[in-house]
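*Asks:* Counted the way full-length UniProt numbering counts, the sequence shown spans residues 1 to 518.
Glycine residues also receive a C-beta, built at the ideal position from the N, C-alpha and C atoms.
Being a predicted model, the structure only gives us computed values, none of them experimental.
Questions regarding the structure given below will be posed in turn.
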Amino acid sequence: MAITQASLQAIKAAPLSTVVEALGGKLKRVGHEFVTQCLWHEDTNPSLTINDQKGFCFCHVCREGGDILDYVQKRNGMNMRDAAEVVASIHGIVLETNDEDSEQAKLRRIEISKNLAKVEKTQEIFRNNWKSPEAEPFRAIWTGRFLTTEASREFEIGYSFSGEFASRITIPIRDYKGRLVGWTGRATKKDQLAKYKNSADSNIFHKKMLIFNEPRGLEAAREAGCLVFVEGHLDVISMWQAGIRNAVAMQGTGAPDASTLKRLARSVKNFVLCFDGDAGGQKAAEQFISVAGPMASAGDININIVTLPDGKDPDEIIRDGEDLYSYIAAAPSWLDWIIDTWASSLDKENASMITEVERRLRQLIDKLQSKALRAHYIDKASRILAKSDKEAEKISKQWGNSEIQQKAKTWTPRSPHDVRLAAERRLIRIYIHRPEKREELRPLVENISNPALIWLWERLKDLEGLSTIDLTPHSVMAVVAVSEPHYMQQLRTLIRPNVPIDDDEGVLLHLRGILDAG
Numbered sequence: 001m002a003i004t005q006a007s008l009q010a011i012k013a014a015p016l017s018t019v020v021e022a023l024g025g026k027l028k029r030v031g032h033e034f035v036t037q038c039l040w041h042e043d044t045n046p047s048l049t050i051n052d053q054k055g056f057c058f059c060h061v062c063r064e065g066g067d068i069l070d071y072v073q074k075r076n077g078m079n080m081r082d083a084a085e086v087v088a089s090i091h092g093i094v095l096e097t098n099d100e101d102s103e104q105a106k107l108r109r110i111e112i113s114k115n116l117a118k119v120e121k122t123q124e125i126f127r128n129n130w131k132s133p134e135a136e137p138f139r140a141i142w143t144g145r146f147l148t149t150e151a152s153r154e155f156e157i158g159y160s161f162s163g164e165f166a167s168r169i170t171i172p173i174r175d176y177k178g179r180l181v182g183w184t185g186r187a188t189k190k191d192q193l194a195k196y197k198n199s200a201d202s203n204i205f206h207k208k209m210l211i212f213n214e215p216r217g218l219e220a221a222r223e224a225g226c227l228v229f230v231e232g233h234l235d236v237i238s239m240w241q242a243g244i245r246n247a248v249a250m251q252g253t254g255a256p257d258a259s260t261l262k263r264l265a266r267s268v269k270n271f272v273l274c275f276d277g278d279a280g281g282q283k284a285a286e287q288f289i290s291v292a293g294p295m296a297s298a299g300d301i302n303i304n305i306v307t308l309p310d311g312k313d314p315d316e317i318i319r320d321g322e323d324l325y326s327y328i329a330a331a332p333s334w335l336d337w338i339i340d341t342w343a344s345s346l347d348k349e350n351a352s353m354i355t356e357v358e359r360r361l362r363q364l365i366d367k368l369q370s371k372a373l374r375a376h377y378i379d380k381a382s383r384i385l386a387k388s389d390k391e392a393e394k395i396s397k398q399w400g401n402s403e404i405q406q407k408a409k410t411w412t413p414r415s416p417h418d419v420r421l422a423a424e425r426r427l428i429r430i431y432i433h434r435p436e437k438r439e440e441l442r443p444l445v446e447n448i449s450n451p452a453l454i455w456l457w458e459r460l461k462d463l464e465g466l467s468t469i470d471l472t473p474h475s476v477m478a479v480v481a482v483s484e485p486h487y488m489q490q491l492r493t494l495i496r497p498n499v500p501i502d503d504d505e506g507v508l509l510h511l512r513g514i515l516d517a518g
């Protein structure tokens with residue numbers, strides 16, 4: 001559902017400084033601007049300038065920045081649509097979409113708001129239950145796991161005496177936007193059928209899309225440099241107590257949805273799997289790799305896998321006084337882990353087993369896009385498959401001479417945002433270089449939404465206000481040359497006199513259609 005142009009303009013006109021503060025950023029006023037820590041590089045001395053009047057942020061160190069949506073996308077690892085919803089919620093802006101009439105959109109928002117409010121109200125009841133004298137036996141279960149009162153407050157632990165989560169300790173689940181959307185309930189009685197129970201899927205609770213502790217864990221992961229996945233919610237909480245605060249857990253599955261992984265990868269590229277030291281933990285790791293492996297093979301993310309002692313989970317490691325972080329720090333890469341796991345049970349006298357393991361290893365290793373990594377793992381796999389060094393050398397040589405399986409080049413359609421930006425840039429280029437088209441194009445140019453292009457359009461109108469003959473590519477280049485660096489970088493390619501211009505009627509009709517569509 002595409003957001004209407006009117007809603008986008010309202011979003012981009014909203015003060016960025018308010019959003020920065022709402023998302024936890026600290027601002028320092030410098031004249032009519034603010035400075036804060038840059039999101040695009042390791043920034044110990046705040047260097048990101050926030051200008052509400054011009055509607056942009058810019059870092060004078062790494063030369064990165066953008067408008068209010070660019071900031072939120074980078075800050076929260078979101079796509080543009082989700083970023084727009086965050087800004088809208090902070091500033092009280094109603095988002096309208098093109099393929100949904102205003103009444104439908106209103107009803108949808110009302111239904112979601114009602115459900116979110118209901119969940120918040122129920123959470124208050126659960127928290128009050130937890131603090132009541134009647135819940136003392138269940139708080140004892142909590143403290144019996146060496147979990148503290150501070151942790152119960154931080155994670156908003158509750159208890160339900162009746163209803164869907166009757167006789168269960170409730171662990172609130174928040175989505176990646178930080179909204180409370182449901183719970184996982186832990187059984188307190190032996191006769192309860194399931195040890196853990198999740199809220200039913202609804203228009204706010206989508207189990208496959210949810211990661212427990214995502215907002216808190218991602219914030220810590222940006223500093224730690226990696227995100228640690230564990231199997232259990234109590235593992236996450238126990239690790240938080242132990243100072244390992246970049247941990248998250250899936251909602252009842254060993255593998256997040258692929259789109260969820262891509263969302264996480266916008267914020268952090270290094271994933272560590274710290275699953276239980278049993279057959280279930282190994283299966284969970286294999287399920288995770290089945291989804292995330294292609295991203296790792298392509299070099300989009302890095303995955304390391306921890307091997308815990310047999311039968312132990314992260315919480316038990318911590319309670320036993322061991323150093324869980326040492327296990328995490330020593331975790332091998334996912335491909336090393338797979339090769340070592342298969343090698344541990346490989347019977348080199350069993351020809352069919354050797355053939356099957358070699359086939360599976362080739363499938364994984366040949367997908368690696370890095371030639372250096374591929375050569376390394378061919379050598380390692382060859383030594384595991386062979387009975388002697390000579391045989392290993394032969395396998396490695398034959399395998400290494402085979403063609404690398406290149407990543408399939410598939411066409412990916414551009415996002416509506418990218419399509420509109422390209423159309424706006426082309427429109428401005430024609431306006432600058434084709435004076436005879438300006439009268440026709442002026443109403444369209446008034447509707448552009450990109451901050452840099454809006455800035456340029458205001459300068460173009462200033463030049464035309466002096467004299468129409470003053471608006472030439474050379475005069476515009478002179479204006480852009482003294483502009484702020486982030487504008488100059490974006491705009492100079494539009495102005496160069498040697499840029500080919502296609503301004504036939506079909507092109508103009510196409511551009512008009514894109515801008516009218518919003």
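Is there contact between the segment 300-316 and the segment 334-342, where contact requires at least three CB pairs shorter than 8 angstroms?
*Replies:* yes
*Asks:* Can you tell me whether DSSP reads A249 as helix, strand or coil?
*Replies:* Stepping through the sequence shown from its first residue, residue 249 is reached at position 249. It is a strand residue.
*Asks:* Does the segment 262-274 touch the segment 222-233, meaning 3 or more C-beta pairs lie closer than 8 angstroms?
*Replies:* yes
*Asks:* Relative to the C-alpha of D418, which candidate in R442, A279, R81 and G281 has its C-alpha closest?
*Replies:* By one-based count along the sequence shown, residue 418 stands at place 418. Considering only alpha carbons, the answer is R81.
*Asks:* Which value, in whole angstroms, describes the spacing of the CA atoms of D235 and K312?
*Replies:* Here residue 235 corresponds to residue number 235 of the sequence shown, with the count starting at 1. Here residue 312 corresponds to residue number 312 of the sequence shown, with the count starting at 1. D235 and K312: Cα-Cα distance of roughly 11 angstroms.
*Asks:* Just reading off the alpha helix (DSSP H) that K12 is part of, what are its end residues?
*Replies:* Counting from 1 along the sequence shown, the entry for residue 12 is found at position 12. Q5 to A13 is the extent of the alpha helix (DSSP H) around K12.
*Asks:* Check whether the Cβ of E286 lies closer than 7 angstroms to any heavy atom of the ligand PLP, and answer yes or no.
*Replies:* Looking for the ligand PLP in the displayed structure turns up nothing, as the structure carries no ligands at all.
*Asks:* CB-CB under 8 angstroms to F138, same chain, minus the five flanking residues each way: which ones, in chain order?
*Replies:* The residue labelled residue 138 in the question sits at position 138 within the sequence shown. Here F138 has W130, Y159, I169 and T188 as same chain residues with Cβ atoms under 8 angstroms from its own Cβ, once five neighbours each way along the sequence are excluded.
*Asks:* Based on Cα-Cα distance, which residue from S326, I125 and L27 lies nearest to S162?
*Replies:* Taking the sequence shown and counting its residues from 1, one reaches residue 162 at position 162. Considering only alpha carbons, the answer is I125.
*Asks:* Does L218 come within less than 8 angstroms of chain C when only Cβ atoms are used?
*Replies:* Absent from the structure is chain C; it holds one protein chain and no more.
*Asks:* Looking only at C-alpha atoms, which of N98, I68, T97 and M477 sits nearest to V86?
*Replies:* As a working note, residue 86 is residue 86 in the sequence shown. The residue with the shortest Cα to Cα distance from V86 is I68.
*Asks:* What are the partner residues of R81, as DSSP defines its beta bridges?
*Replies:* As a position in the sequence shown, residue 81 is number 81, starting the count at 1. R81 is not bridged to any residue.
*Asks:* Whose C-alpha, out of V476, R438 and N447, is nearest the C-alpha of A10?
*Replies:* Numbered from 1 along the sequence shown, position 10 holds the residue referred to as residue 10. The shortest C-alpha separation from A10 is found at N447.
*Asks:* Across the segment 288-302 and the segment 318-331, are there enough close Cβ pairs to call them in contact, namely three or more that are closer than 8 angstroms?
*Replies:* no
*Asks:* Whether or not the segment 381-391 and the segment 36-48 are in contact is what I'm after, with contact meaning three or more pairs of Cβ atoms, one per stretch, closer than 8 angstroms; do they touch?
*Replies:* no
*Asks:* So the alpha helix (DSSP H) S396 belongs to, where does it begin and stop?
*Replies:* Here residue 396 refers to the residue found at position 396 when the sequence shown is read from its first residue. That run of the alpha helix (DSSP H) goes D389 to G400.
*Asks:* If you follow the alpha helix (DSSP H) that E231 is in, where does it begin and where does it stop?
*Replies:* Here residue 231 corresponds to residue number 231 of the sequence shown, with the count starting at 1. Neither: E231 is in no alpha helix (DSSP H) and is coded neither H nor E.
*Asks:* For the candidate residues G299, L494 and A478, whose alpha-carbon lies nearest to that of R434?
*Replies:* Residue numbering aside, residue 434 sits at position 434 when the sequence shown is read from its first letter. Answer by Cα proximity: L494.
*Asks:* Which same chain residues, not among the five before or five after L491, have their C-beta less than 7 angstroms away from its C-beta?
*Replies:* The count along the sequence shown starts at 1 and reaches residue 491 at position 491. Around L491: A452, L456 and V480.
*Asks:* Which class does W411 belong to by DSSP, given the choice of helix, strand or coil?
*Replies:* The residue labelled residue 411 in the question sits at position 411 within the sequence shown. Bear in mind that the predicted position of W411 carries a pLDDT of just 49, short of 50, making it unreliable; the figure below should be weighed with that in mind. Coil.
*Asks:* Name the two residues that bound the continuous beta strand (DSSP E) containing F205.
*Replies:* Indexing the sequence shown from 1 puts residue 205 at position 205. Counting along the chain, F205 falls outside any beta strand (DSSP E), and DSSP gives it neither H nor E.
*Asks:* Here's a check: name, in chain order, each residue in its chain whose Cβ is nearer than 8 angstroms to the Cβ of Y327, leaving out the five neighbours to either side.
*Replies:* Locating residue 327 in the sequence shown gives position 327, counting from the first residue. Excluding sequence neighbours, Y327 sits near C274, V306, T307, L308 and I317.
*Asks:* What is the DSSP secondary structure of E33, reduced to helix, strand or coil?
*Replies:* In the sequence shown, counting from the first residue as 1, residue 33 sits at position 33. E33 falls in the strand class under three-state DSSP.
*Asks:* Relative to the C-alpha of Y325, which residue among N270, S388, E164 and M239 is closest?
*Replies:* On the sequence shown, residue 325 is found 325 positions in, with the first residue counted as 1. The shortest C-alpha separation from Y325 is found at M239.
*Asks:* Measure from the alpha carbon of residue 535 to the alpha carbon of each residue in Y176, S89 and E356, then state which is nearest.
*Replies:* No information on residue 535 is available, as it lies outside the stretch 1 to 518 that the chain covers here.
*Asks:* Just the Cα atoms here: how many angstroms apart are E443 and K207?
*Replies:* In the sequence shown, residue 443 corresponds to position 443, counting from 1. In the sequence shown, residue 207 corresponds to position 207, counting from 1. This sequence places Pro at residue 443; Glu is not what is there. So the two alpha carbons sit approximately 47 angstroms from each other.
*Asks:* Helix, strand or coil for K269, going by three-state DSSP, please let me know.
*Replies:* Taking the first residue of the sequence shown as position 1, residue 269 is located at position 269. Note: K269 maps to coil in three-state DSSP.
*Asks:* Quick check: what's the CA-CA separation for G281 versus A255?
*Replies:* Residue numbering aside, residue 281 sits at position 281 when the sequence shown is read from its first letter. Residue numbering aside, residue 255 sits at position 255 when the sequence shown is read from its first letter. For G281 and A255, the distance between alpha carbons rounds to 12 angstroms.
*Asks:* Starting from R168 and walking both ways along the beta strand (DSSP E), at which residues does that stretch end?
*Replies:* In the sequence shown, residue 168 corresponds to position 168, counting from 1. Run containing R168: R168 to R174, per the beta strand (DSSP E) assignment.
*Asks:* At the level of alpha carbons, what is the spacing between E358 and S152?
*Replies:* Locating residue 358 in the sequence shown gives position 358, counting from the first residue. Locating residue 152 in the sequence shown gives position 152, counting from the first residue. Cα to Cα, E358 sits roughly 49 angstroms from S152.
*Asks:* CA-CA distance, T184 and R145?
*Replies:* Start at 1 with the first residue of the sequence shown, and residue 184 comes out as number 184. Start at 1 with the first residue of the sequence shown, and residue 145 comes out as number 145. Using only the alpha carbons, I get a separation of about 17 angstroms.
*Asks:* Quick check on the DSSP output: the alpha helix (DSSP H) that includes V19 runs from which residue to which?
*Replies:* Taking the first residue of the sequence shown as position 1, residue 19 is located at position 19. Run containing V19: L16 to A22, per the alpha helix (DSSP H) assignment.
*Asks:* For the beta strand (DSSP E) containing F56, name the first residue and the last one.
*Replies:* Taking the first residue of the sequence shown as 1, we reach residue 56 at position 56. F56 -> beta strand (DSSP E) spans F56 to C59.
*Asks:* Would S396 be called buried (16 or more neighbouring beta carbons within 10 Å of its own) or exposed?
*Replies:* As a working note, residue 396 is residue 396 in the sequence shown. The residue is buried, with at least 16 neighbouring Cβ atoms inside 10 Å.
*Asks:* Based on the DSSP output, what are the partners of A187 in its beta bridges?
*Replies:* Residue numbering aside, residue 187 sits at position 187 when the sequence shown is read from its first letter. R168.
*Asks:* When the Cα atoms are used, what is the spatial distance from T122 to Q192?
*Replies:* The count along the sequence shown starts at 1 and reaches residue 122 at position 122. The count along the sequence shown starts at 1 and reaches residue 192 at position 192. Using only the alpha carbons, I get a separation of about 22 angstroms.
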